[in-house]
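Visitor:
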Amino acid sequence: MKIASIAFTENGAKIVKMLVHEIGVKGYVFEKYNTDGLESFNNVSSLVRDIFKKYNAIVFVGACGIAVRSIAPYVKDKAKDPAVVVVDEKGNFAIPILSGHIGGANDLAEKIAALTSGVAVITTATDINKKFSVDTFAVRNNLHIGDTKLIKEISSRILNEKKVGLYTDYELKNVPDCFEESNEVGICISDDDKKPFRTTLNLMPKNVVLGIGCRKGCETVEESILAFLKVNGVSVYSLFAVATVDIKKNEKGIVEFCEKFDIPLLTFSAETLAAVEGEFTASEFVKKTVGVDNVCERTVCAVGAKITEKKTALNGTALALGRINTEIDFLKG
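Once you know that position 151 of the sequence shown is 136 in the numbering used here, the rest is easy, because the numbers rise by one and skip nothing.
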């Protein structure tokens, strides 16, 4: 998690310095009070404009009003906005003000409060009422949330002591008693967007690894991947990672695909891939080119996934799929 922390005063700078050492934040301090070699700034609006999309979380050490005014022009989507936490300059209170569940602001506030011997001021309704939070559950179990607008519908019913439906294609642990099999409103945990309820919030496990090799400068990477996934009944939102050999780490088509869909790109050396055990679709041409006889299948296994679809050659790409073990637990922390 990439975290930035911003301070405006001498005392605030001390908090930021502590966060730099304890949890590895990137520290920004108003230039007048920056005496510890952290990044300096003289205009918070310009700073926030530059960093808002670059970090997973931003911690303001100062007044809530400054934070709210600074982030207001850039708040767009609860599924993508960074977590924002405000800490007073004495460290007495840590207040999550944006993306408490999906972005992890609530958890971050708890962590910071523990470091400052302060109090995390949590205001989200499901938390203060000790009820099931579907977005927290999704984040902790690495599930893609289909339509974030439906989170409110699910949470509202649970807060009003009403049951919601639950459909799953996966084995579940520690299911709370707010669920039942049949209902008009419910959540569906599966690999596709089936709609078992009239109002269905789809939660899709990110447990698929895509292994890829391609010719240099291939311009059909995204098109080929999406076609391959469709044929195999896999949603792009199920991808845990894209994996390839390290000499392809800057391959434009692969990098752009991963950035567009916000999917981690994992790379491995030819030596590492050659040491992976198993039966793979070997190619002498590939071995001469990159130093290992297969890229797409071997990278799937290197990530720790079990191959479900072996090598398919498509428009200058070589693609394979695998799944990692998936454990879905409602009590996962």
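Note that CB positions come from ideal geometry on N, CA and C, so glycine has one too.
Short check: CB of E156 to CB of T184, under 8 angstroms?
Guide: The count along the sequence shown starts at 1 and reaches residue 156 at position 171. The count along the sequence shown starts at 1 and reaches residue 184 at position 199. In this structure, T184 does not lie closer than 8 angstroms to E156 by Cβ.
Visitor: Suppose the cutoff is 8 angstroms on Cβ atoms and the five residues either side in sequence are ignored; what does the same chain contact list for V70 look like?
Guide: Walking along the sequence shown from the start, residue 70 turns up at place 85. Within the same chain, V70 has close Cβ partners A42, I43, V44, F45, A79, I80, P81, I82, A90, L93, A94, I97.
Visitor: Label E204 either buried or exposed according to how many other C-beta atoms from any shown protein chain fall within 10 Å of its C-beta, with 16 as the threshold for buried.
Guide: Residue 204 sits at position 219 when you count from the first residue of the sequence shown. By the 10 Å Cβ count, E204 comes out exposed.
Visitor: Going by C-alpha distance, which of S30, T266, P190 is nearest R283?
Guide: Within the sequence shown, the letter at position 298 stands for residue 283. Looking at the Cα atoms, T266 is the closest of the given residues.
Visitor: Contact check, G307 vs A290 under 8 angstroms by CB: the rounded distance?
Guide: Taking the sequence shown and counting its residues from 1, one reaches residue 307 at position 322. Taking the sequence shown and counting its residues from 1, one reaches residue 290 at position 305. About 3 angstroms separates the two Cβ atoms, so the contact holds.
Visitor: Output the boundary residues of the alpha helix (DSSP H) element that contains L258.
Guide: If you number the sequence shown from 1, residue 258 lands on position 273. L258 -> alpha helix (DSSP H) spans 255 to 259.
Visitor: Would you call the stretch 5 to 12 and the stretch 106 to 126 in contact, with 3 or more CB pairs under 8 angstroms?
Guide: At 8 angstroms Cβ cutoff, the stretches do not touch.
Visitor: Provide the residue span of the beta strand (DSSP E) that contains T109, from first to last.
Guide: As a working note, residue 109 is residue 124 in the sequence shown. No beta strand (DSSP E) holds T109; DSSP gives it neither H nor E.
Visitor: Alpha carbon to alpha carbon, how far is T302 from N145? Give it in angstroms, no decimals.
Guide: Against the sequence shown, residue 145 aligns to sequence position 160. Against the sequence shown, residue 302 aligns to sequence position 317. In a straight line, the C-alpha of N145 is about 51 angstroms away from that of T302.
Visitor: Could you give the residue range of the alpha helix (DSSP H) that holds H6?
Guide: Your numbering for residue 6 matches position 21 in the sequence shown. Note, H6: alpha helix (DSSP H), -5 to 8.
Visitor: Going by beta-carbon coordinates alone, are D177 and G218 separated by less than 8 angstroms?
Guide: Numbered from its first residue, the sequence shown carries residue 177 at position 192. Numbered from its first residue, the sequence shown carries residue 218 at position 233. The answer is yes: Cβ separation under 8 angstroms.
Visitor: Can you tell me where the beta strand (DSSP E) with C203 in it begins and where it stops?
Guide: Start at 1 with the first residue of the sequence shown, and residue 203 comes out as number 218. Premise fails: C203 is in no beta strand (DSSP E) and is neither H nor E.
Visitor: Please confirm whether V29 and V14 have their CB atoms less than 8 angstroms apart.
Guide: The count along the sequence shown starts at 1 and reaches residue 29 at position 44. The count along the sequence shown starts at 1 and reaches residue 14 at position 29. Not a contact, by the Cβ cut-off of 8 angstroms.
Visitor: Please check the pair A287 and F242, which I expect to be a contact at CB under 8 angstroms, by giving their CB distance rounded to whole angstroms.
Guide: As a position in the sequence shown, residue 287 is number 302, starting the count at 1. As a position in the sequence shown, residue 242 is number 257, starting the count at 1. Their Cβ separation, rounded to whole angstroms, is 19 angstroms, which puts A287 and F242 out of contact at 8 angstroms.
Visitor: Rounded to the nearest angstrom, what separates L100 and G318 at their Cα positions?
Guide: Taking the sequence shown and counting its residues from 1, the one referred to as residue 100 is at position 115. Taking the sequence shown and counting its residues from 1, the one referred to as residue 318 is at position 333. If I take the Cα positions, the gap works out to 19 angstroms.
Visitor: Checking 8 angstroms against the spacing of the C-beta atoms, do V230 and A255 come in under that value?
Guide: Working through the sequence shown from its first residue, we reach residue 230 at position 245. Working through the sequence shown from its first residue, we reach residue 255 at position 270. Result yes, Cβ atoms of V230 and A255 sit closer than 8 angstroms.
Visitor: With contact counted as at least three CB pairs below 8 angstroms, one residue from each stretch, are the stretch 59 to 66 and the stretch 15 to 27 in contact?
Guide: No: fewer than three Cβ pairs fall under 8 angstroms.
Visitor: List the endpoints of the continuous alpha helix (DSSP H) containing E138.
Guide: Sequence index remark: in the sequence shown, residue 138 carries index 153 (1-based). Per DSSP, E138 belongs to the alpha helix (DSSP H) from 136 to 144.
Visitor: On the DSSP bridge assignment, give the partners of M189 in chain order.
Guide: Against the sequence shown, residue 189 aligns to sequence position 204. The partner list for M189 (beta bridge, DSSP) reads H129.
Visitor: So, at 8 angstroms on beta carbons, what are the nonlocal neighbours of S102 in its own chain, with the 5 sequence-adjacent residues on each side left out?
Guide: Along the sequence shown, read from residue 1 onward, the residue named residue 102 stands at position 117. The residues are G76.
Visitor: My understanding is that I197 touches C281, with C-beta atoms under 8 angstroms, so please give their C-beta distance in whole angstroms.
Guide: Counted from its first residue, the sequence shown places residue 197 at position 212. Counted from its first residue, the sequence shown places residue 281 at position 296. Yes, they are in contact, since the Cβ atoms of I197 and C281 sit about 6 angstroms apart, within 8 angstroms.
Visitor: Using only the alpha-carbon positions, how far apart do E74 and E16 sit?
Guide: In the sequence shown, counting from the first residue as 1, residue 74 sits at position 89. In the sequence shown, counting from the first residue as 1, residue 16 sits at position 31. Between E74 and E16, the C-alpha separation is close to 16 angstroms.
Visitor: Return the chain-ordered list of same chain residues with a C-beta closer than 6 angstroms to the C-beta of A(-2), the five sequence neighbours on each side being excluded.
Guide: Taking the sequence shown and counting its residues from 1, the one referred to as residue -2 is at position 13. Here the set comprises A(-8), V14, Y18.
Visitor: Strictly under 8 angstroms for the Cβ-Cβ distance: is N91 near chain C by that measure?
Guide: In summary, chain C is missing from the structure at hand, where a single protein chain is found.
Visitor: For I309, tell me which candidate among H129, P161, K191, T133 has the shortest Cα-Cα distance.
Guide: To locate residue 309, count along the sequence shown from 1; it is residue 324. Cα-wise, what sits closest to I309 is K191.
Visitor: Name, in chain order, the residues that DSSP records as bridge partners for T294.
Guide: Reading the sequence shown from its first residue, position 309 is the one you call residue 294. For the record, residue 294 in the displayed sequence is Glu; it is not Thr. BP columns for E294 point to L306.
Visitor: What beta strand (DSSP E) runs, 3 residues minimum, are completely inside the stretch 19 to 78?
Guide: Here the runs fully enclosed are 24 to 26, 42 to 46, 68 to 72.
Visitor: Considering Cα atoms alone, identify which of F225, E269, S268, G238 is closest to P249.
Guide: As a first step, residue 249 is located in the sequence shown; it is residue number 264 there, counting from the start. Minimum Cα distance to P249 is reached at F225.
Visitor: Helix, strand or coil for T311, going by three-state DSSP, please let me know.
Guide: By one-based count along the sequence shown, residue 311 stands at place 326. It is coil, neither helix nor strand.
Visitor: Is it the case that the Cβ atoms of F182 and G150 are separated by a distance below 8 angstroms?
Guide: Within the sequence shown, residue 182 is the residue found at index 197, counting from 1. Within the sequence shown, residue 150 is the residue found at index 165, counting from 1. Cβ atoms of F182 and G150: closer than 8 angstroms.
Visitor: Where does A(-11) sit, in a helix, a strand or coil, going by DSSP?
Guide: Here residue -11 refers to the residue found at position 4 when the sequence shown is read from its first residue. Strand, per DSSP.
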